[in-house]
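Trainee:
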Amino acid sequence: MSTTLALLCFAVARIAALAVHEAGHIAVAVTLGASVTLHYDATACRPCTLVEGLASPCGIKVVQHAGWVVSVALALFACAVLSSIPVTVATCWTALDALTSDLAGVVPRGPRPGGESAAAAFWCGNFGLLV
220 MSTTLALLCF AVARIAALAV HEAGHIAVAV TLGASVTLHY DATACRPCTL VEGLASPCGI
280 KVVQHAGWVV SVALALFACA VLSSIPVTVA TCWTALDALT SDLAGVVPRG PRPGGESAAA
340 AFWCGNFGLL V
């Protein structure tokens, strides 16, 4: 595989893995009766899912942990089944992002998008903050 094709494959897989990650947050939040707004913070260069209407801190934690669980499952699937190295690297990078933000709680500083109206903001793509 040429370098250009490998980079393109990685970029497409990374976007798809991020979409699957956000879909995990959204699916659980909507199932729990919350409303969801997707936001892309151009300054921080990372997506954010804003959730409103969750009645309990437990509901917020369930939505939070859904993201890393989905991303790690996707990365494990890619490692076990797919033979494309760029796709596997992209899904593993997304899983590291998810573990950093959703499990470890590393989030960017500064004002939250949506102000204080959102009950929870789930920042994705925070592995880069540690690197």
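Okay, so the sequence shown: first residue is 220 according to the numbering used here, each after it adds one. Using N, Cα and C, we set each Cβ at its ideal position, and we do this for glycine too.
Look up T268 in the DSSP assignment and give the residues it is bridged to.
Mentor: DSSP output for T268 lists L257, F341 as bridge partner(s).
Trainee: How should V306 be labelled, buried or exposed, when 16 other C-beta atoms within 10 angstroms of its C-beta is the threshold for buried?
Mentor: Flag for V306 reads buried.
Trainee: Please report the Cβ distance between A236 and S320, rounded to the nearest whole angstrom; I am assuming they are in contact, meaning their Cβ atoms lie under 8 Å.
Mentor: Contact flag wrong, Cβ pair sits at about 14 Å.
Trainee: I need the boundaries of the alpha helix (DSSP H) containing G252, first residue and last residue.
Mentor: No alpha helix (DSSP H) holds G252; DSSP gives it neither H nor E.
Trainee: Are the beta-carbon atoms of V270 and V281 separated by less than 8 Å?
Mentor: No. Outside cutoff.
Trainee: Looking at the unbroken alpha helix (DSSP H) that takes in T310, where does it start and where does it end?
Mentor: It spans 304-317 - the alpha helix (DSSP H) in which T310 sits, taken as one unbroken run.
Trainee: Identify whether L301 lies in helix, strand or coil by the three-state DSSP scheme.
Mentor: Looking at L301 - three-state DSSP - the assignment turns out to be coil, as it is neither helix nor strand.
Trainee: Taking 8 Å as the threshold (C-beta atoms), are T313 and A285 in contact?
Mentor: No, they are not a contact pair.
Trainee: So, for L301: in the same chain, excluding its five sequence neighbours on each side, which residues have a beta-carbon less than 7 Å away from its beta-carbon?
Mentor: Only T307 meet the Cβ criterion.
Trainee: Reducing DSSP to helix, strand and coil, say where S221 ends up.
Mentor: Residue state, collapsed to three classes: coil.
Trainee: Would you say E241 and L227 are within 8 Å of each other, going by their C-beta atoms?
Mentor: The answer is no: Cβ separation not under 8 Å.
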